[in-house]
Structure formats: structure tokens, C-alpha cells
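Have a look at the structure below, then the notes.
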Amino acid sequence: MMRRLLLCAALLPALGGCASWFEGEAAYQPTPLKPLQASAGPKVLWQASVPDADRGLFSPSIEQGKLWVAGSSGKIQQLDAQTGKTLHTLDVKQALVAGVAVDDGLVFVGNDRGELLAVSAADGKPVWKQTLTSLLAEAPQLAGQVLIVRAGDGRVSGFDVKTGRQVWTQWQAQPPLTVRATTPQIKVEGSDVLLVGEAAGKVAAYAAERGDQLWQSVVANARGASELERVTDVVSQPMFDGRRVCAVAYQGRVACFDSRGGQQLWARDLSSSRGLVSDGKTVVVTAEDGAIWAFDADSGRNLWKQDDFRYRNVSAPVTLGGQLLVIDGEGYAHLLSSLDGRIVGRSSLKVNGTVPRPLVSGDVAYVLDNHGNLSALTK
């Protein structure tokens, strides 16, 4: 299992500012997969390759049945979401580090000079650009007419979609040691609320259009004698289930909060940098060791635990067709029963290494690994 930590200065330089402090493989061997008596999917619809998506923080984006993907070379592709066929290719002729978001004829990405770019979806020509305080740390997200971005120094900002004018910005002081996220930390809910996983074990809700902080709560407090032991960042997306906001911290806890004021409803000790999903009844978390835990959304009571994926570099869970989907680092997609965590299906993908949370649209999940392998799955 990959563990990535960064040693960051308290005040980061304008571009970058974080140097790799520790990176290595855990000594544990992946748990061997048990044979399945019968498999109920998932079905692989198609697989494709995204050139140079292995050197950046790239996520697919879907708009009106078209899937958009980008890579570090500056190529942006539009694919048919049902077939995977390439429909259109843009070349911004710049090295990219993160993307992609799409809205009404515009495509948004971040380059290696710390700039946020808006280009025409028709021909890739520049429409506007804005200089950020650091490199883009994940793909932008849209909240109505505001484009939300998170920079590597922890600053979250909103920009007018059409003009690029900065509408608001928020910055929280960063601790000396933080976890390098491999999955998004911001989550737009509707077009009016932004949820943000933050350093030092915090989660916050913001008004997406104005940037006002609605509330901020603590998922986990730092514990331990050393700086390494005291890292408790929330480095995955918080989730809103209609009543609660739930989040999980590395070396910390999983917790749920009242969505209106941020009051903690319950918390359980659990470490994760991968993430969670909630359907309003059950909160399901991929723990740092790859085990899958399920908790009652109302009380936090443990419902079940699935240990068959320990040390398999497992993604955050997503809901697909009423079941749970996770992808492991050896290229297997697994379907789990949401009732008891039992494995009900398995498929082999062209996937290798760390897989961020899959993108789910309707009854299809799109999986992009950190080597540029893209797969479309259905139940």
C-alpha cells in the first residue's frame, strides 16, 4: 500500500513549495483473492488509454453523454461515454498537472506553471487564464457559474466560469507535515454548497458562490509523540447523504456531522486516505489497510467488515446499481453486497496501481488509474 507524505513549510512559496518527505511500499503482502463460486459482474463495457495521465492529478469528467479526459502532455480527449470511442482531441500545447472540468463549451485544466486555464471545447484555444498561488492539486469542480479549485498550498478558490475573475478564496494554515492526496478533497453538492476535507483533521462547508464558511468541524485530533504520528489530514472527499456530512481522516477517525451546523453526531476510530460513501443508511469506508468497514449512518454502530482486500491498494467505495464497487491495485474490480459486505462479483481490468474514487454516472462507473488506463463498468 502506498503511503505518501509531504514535508511542507508553514508558508508555501508561490508555486509548489512541498517536497517529498517519505514514500515507500508497506512490507505487507497483498491478501490473496479467494475464488468466487459465481460472479455477478461487474461487466466491462470498454477500456481505453489516456496518454500521459500517469504524471498528474487527472480525473474524468462527463457532460451530456461525453467523457472528457486529459494528460500531462497537454492533450485533452472527448470520448463517447457509452463506447469509449475518441470523438475529439484538443492540444493546449502546455504541460498539464490536473484536470478536467467541462461546462458550456469550456474545458478547465491546470498547467505546470501554476495557472488555471479555460480553453474552448471546440478547438482548444485559450479563453482565459488565472495564476494560482500554487499548482492545482486536483481537478476543478463546477458550482453553478463558479469554478472551484484547490491549490497545493491548501487554498480553495472560486472563479467566474465565463470571465475567470476570482470571486473568493479561503486558506487554512497548513501543519508542517501533511498527506499528499491521491484523490479529490473537495466535493460540490448541488450548486450552492462546497464540502472540503482539510489538513489537521478538519472538514468544512462553504457557500460555493460566495466562499463564506458555513461551518468547520474536527474529524480527528492529532495524537502521538512525533510529527509523523500526529498527521490526521482529511485527504478524501467528504460525503453528504441528505442529512449528514461524513468524512474520514488519515490516522484518525470516521465521523458524521449534522449538515446544517456541523455538530458531530458520532465518530469511530479508523484511518483512511482513500475515502467513503454513504447512502443515508450506511457509511462505508475503505480503511488505510484495505479493509472495508460499514457503519450505521444514524448511530455509527459497526455493521460489517470485509477483510479480503487488506493490503491490496483498494480504492474508495462507490455505489453502483445498489451494490458497492471497489478497485484494487492489481486490476480487479469487486462488487460487494451493501447488506453484509459479501463479495458477489469480480472482473479483471487493465488497471495498475493507485485508483482514485471512480466516477459514477447513472449505471456506469468510469475508472482511471495512475497509469492512464481508463475503464467503463456496469453492474
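Just so we're aligned: the sequence shown equals residues -19 to -1, 1 to 360 in mature numbering (1 follows the signal peptide of the UniProt record, and there is no 0).
We put the beta carbon where it would ideally sit given N, CA and C, even for glycine.
This structure is a prediction, so every number in the text was calculated from the model and none was measured.
- For the pair A186 and V229, the CB atoms are not nearer than the 8 Å cut-off.
- Nearest in C-alpha terms to A297, of all of Y313, R338, S30, is R338.
- Within the stretch 118 to 194, the runs of beta strand (DSSP E) that reach at least 3 residues and sit entirely inside it are, in chain order, 122 to 124, 127 to 131, 137 to 141, 147 to 151, 158 to 160, 167 to 170, 174 to 179, 183 to 188.
- Secondary structure of A19 (DSSP, three-state): coil.
- Distance from the CA of P11 to the CA of R291, rounded to the nearest whole angstrom, comes to 6 Å.
- When only Cα atoms are considered, R234 and D270 end up about 14 Å apart.
- With contacts defined by Cβ atoms closer than 8 Å, A29 and G46 do not form a contacting pair.
- Under the three-state reduction of DSSP, S53 is assigned to coil, being neither helix nor strand.
- Annotation: Y231 is outside any beta strand (DSSP E) and is labelled neither H nor E by DSSP.
- Here Q166 is buried. Its C-beta has 16 or more other C-beta atoms within 10 Å.
- Contact between the stretch 317 to 334 and the stretch 49 to 61 is not established, with fewer than three Cβ pairs separated by less than 8 Å.
- The closest CA to that of A124, considering only Q218, S342, L176, is found on L176.
- Boundaries for K74: no beta strand (DSSP E) harbours it, and the DSSP string shows neither H nor E there.
- Leaving aside the five residues that flank R293 on each side, the residues in its chain whose CB is nearer than 7 Å to its CB run, in chain order, P11, T12, G271, D309, G310, E311.
- Contact between V78 and V88 does not hold, since their C-beta atoms are separated by about 15 Å, which reaches or exceeds 8 Å.
- Between the stretch 15 to 23 and the stretch 98 to 116 there are fewer than three C-beta pairs closer than 8 Å, too few to call the two in contact.
- Here V345 has A357, T359 as same chain residues with Cβ atoms under 6 Å from its own Cβ, once five neighbours each way along the sequence are excluded.
- Using a 10 angstroms sphere on the CB of P157, the tally of other CB atoms stays under 16, which defines it as exposed.
- Under the three-state reduction of DSSP, V31 is assigned to coil, being neither helix nor strand.
- Taken atom to atom, the span from the alpha-carbon of K286 to that of W274 is near 5 Å.
- The straight-line gap separating the alpha-carbon atoms of W149 and Q122 is approximately 15 Å.
- As computed with DSSP, N283 is found in a beta bridge with F276.
- At the C-beta level, G192 and V216 stay beyond 8 Å of one another.
- Rounded to whole angstroms, D321 and R161 show a C-alpha spacing of 32 Å.
- Per the C-alpha coordinates, the member of A189, V169, R249, G223 positioned closest to V200 is R249.
- Per DSSP, the unbroken beta strand (DSSP E) holding A314 starts and ends at 313 to 317.
- Taking 8 Å as the cut-off, the Cβ atoms of L71 and G91 do not count as close.
- Short of 7 Å from the beta carbon of T114, and not among the five residues preceding or following it, lie these beta carbons of its own chain, in chain order: A(-6), A132, D134, R136.
- A check of alpha carbon separations from P107 across A120, K143, I129 identifies K143 as the nearest.
- Excluding its 5 nearest sequence neighbours in each direction, S280 has C-beta neighbours in its own chain below 8 Å: W247, listed in chain order.
- Closest option to Q111, judged by alpha-carbon separation, among A102, D93, A103: D93.
- For G37, the closest C-alpha among the options D288, S254, W27, G55 is that of G55.
- Assignment of N351 by DSSP, reduced to helix, strand and coil, places it in the coil class.
- The alpha-carbon separation between L355 and N333 amounts to approximately 11 Å.
- Here the alpha carbons of L317 and D239 stand approximately 28 Å from one another.
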